[in-house]
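Comments concern the structure below.
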Amino acid sequence: MKPRSDSAWVNEPFAAALVEPDQGLADKRKAASDSSSNSVELHIRRQDHPTSAPYWQSFRLEARPGANIVSLLMDLREHCVTTNGEPVDPVAFEHNCMEEVCGACAMLINGSPRPACSALIADLKTPIRLEPLPKFPVVRDLMVDRAQLFDNLKRVKAWLPIDGAWDNHERAPRVSPRDWAAQYLFSRCMSCGCCLAACPEFELGKAFVGPASLAQVRLMNAQPTGRYDKAERLHAIMGDGGLSDCGNAQNCVRVCPKEIPLTSAIGELGRQTTLQALKDLFGGG
Numbered sequence: 008m009k010p011r012s013d014s015a016w017v018n019e020p021f022a023a024a025l026v027e028p029d030q031g032l033a034d035k036r037k038a039a040s041d042s043s044s045n046s047v048e049l050h051i052r053r054q055d056h057p058t059s060a061p062y063w064q065s066f067r068l069e070a071r072p073g074a075n076i077v078s079l080l081m082d083l084r085e086h087c088v089t090t091n092g093e094p095v096d097p098v099a100f101e102h103n104c105m106e107e108v109c110g111a112c113a114m115l116i117n118g119s120p121r122p123a124c125s126a127l128i129a130d131l132k133t134p135i136r137l138e139p140l141p142k143f144p145v146v147r148d149l150m151v152d153r154a155q156l157f158d159n160l161k162r163v164k165a166w167l168p169i170d171g172a173w174d175n176h177e178r179a180p181r182v183s184p185r186d187w188a189a190q191y192l193f194s195r196c197m198s199c200g201c202c203l204a205a206c207p208e209f210e211l212g213k214a215f216v217g218p219a220s221l222a223q224v225r226l227m228n229a230q231p232t233g234r235y236d237k238a239e240r241l242h243a244i245m246g247d248g249g250l251s252d253c254g255n256a257q258n259c260v261r262v263c264p265k266e267i268p269l270t271s272a273i274g275e276l277g278r279q280t281t282l283q284a285l286k287d288l289f290g291g292g
């Protein structure tokens with residue numbers, strides 16, 4: 008792969024008008040570029056395949072102004088050489104939106120689970136330590152398999168069954184601005200898995216669905232169309248692996264990159280499940 012030139016990163020709106028810039032101007036630009044660069048050391052926990060043993064490798068490269076972890080890893084894969092001078096395979100990682108929306112780039116950065124696209128190099132302590140998101144099986148290097156997260160979302164029916172035409176004998180649902188604002192907080196979840204990585208109760212092979220799925224139950228139950236399946240969702244979290252498995256450590260709300268009030272959702276669901284249990288007991292539906 009051809010390395011990216013430094014000129015591609017310089018904002019020059021009048022470059023088209025310059026036919027032959029003088030050497031003095033070019034030297035000034037180069038000096039400005041060199042002075043703004045910053046040498047960064049990376050310690051990356053790598054793993055060649057799901058069943059192999061993990062190992063660490065160190066790299067040093069220049070970080071451009073405004074660079075984040077994703078852009079730094081993209082630069083690294085163009086010239087992946089360790090600090091010992093050994094050429095190695097590019098580091099495998101996931102990224103997509105670069106806007107903290109998709110959640111694909113979440114990883115452990117200096118010991119904290121967070122999206123790599125919003126982790127600016129200038130804000131991080133060096134050397135920067137990168138590890139795959141814990142609690143999930145490693146696919147390769149910094150890539151993990153989030154299948155259990157999505158399976159748990161299916162388990163609690165975190166969607167609205169609106170396919171097809173059906174008559175509920177009601178007018179179009181109306182949502183007040185206050186309710187809309189409350190629901191919007193929970194709709195920002197991007198299924199990145201940071202809350203699950205920090206949760207002491209969530210582990211592979213254990214039944215606990217985790218805070219992300221619980222928050223989506225709260226969101227869907229508050230939606231005018233979703234309330235028709237409210238009892239089914241509540242029953243899904245009233246058994247093993249549901250709401251009672253939460254240890255109230257509150258790590259989830261501390262690390263959530265979207266600042267979703269996860270503990271508030273769990274508290275609301277506690278009240279909803281109590282009412283549902285009373286309805287089940289006395290035949291109230």
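Just so you know, we're using the working numbering here: the sequence shown kicks off at 8 and counts up by one.
Note that CB positions come from ideal geometry on N, CA and C, so glycine has one too.
Taking Arg67 as reference, the option from Thr58, Asn75, Leu79 and Pro57 with the minimal CA-CA separation is Leu79. For Ala179, the three-state secondary structure derived from DSSP is coil. For the 8 Å CB-CB criterion, Val98 and Leu83 form a contact. If you compare the alpha carbons of Asn45, Ala238, Glu138 and Arg181 with that of Lys164, the shortest gap goes to Ala238. In this structure, Phe193 keeps its C-beta atom at 8 Å or more from the C-beta atom of Ala113. The residue from Leu285, Gln54, Gln257 and Asp247 with its alpha-carbon nearest to that of Val146 is Gln54.
With distances taken between CA atoms, Gly212 lies nearest to Ala154 out of Ala154, Asn45 and Thr58. Following the DSSP letters along the chain, one finds Glu69 inside the beta strand (DSSP E) bounded by residues Tyr62 to Ala70. Counting along the chain, His50 sits inside the beta strand (DSSP E) bounded by residues Asn45 to Arg53.
Within 10 angstroms of the beta-carbon of Lys142 lie 16 or more other beta-carbons, which makes it buried.
The criterion of a C-beta distance shorter than 8 Å is satisfied by Cys199 and Pro122. With 16 or more other CB atoms across the displayed protein chains lying within 10 angstroms of its CB, Cys124 is buried. Taken atom to atom, the span from the alpha-carbon of Asp158 to that of Trp166 is near 13 Å. Membership of Met197 in any beta strand (DSSP E) is not indicated, and neither H nor E is assigned to it by DSSP. For Asp186, the number of other beta carbons within 10 angstroms of its own is below 16, and it is reported as exposed. Met150 sits in a strand when the DSSP states are folded into three classes. Under DSSP, Pro122 takes part in a beta bridge, and its partners are Ala113. For Ile135, the enclosing beta strand (DSSP E) stretches over residues Ile135 to Glu138. By alpha-carbon distance to Val151, the top candidate from Thr58, Pro268, Asn75 and Asn45 is Thr58. Taking C-alpha positions only, Glu177 is separated from Thr232 by approximately 11 Å. DSSP, read as helix, strand or coil, puts Asn75 in strand. Around the beta carbon of Arg234, fewer than 16 other beta carbons lie within 10 angstroms, which makes this residue exposed. Here Asp148 is buried: its Cβ has 16 or more other Cβ atoms, across all protein chains shown, within 10 Å.
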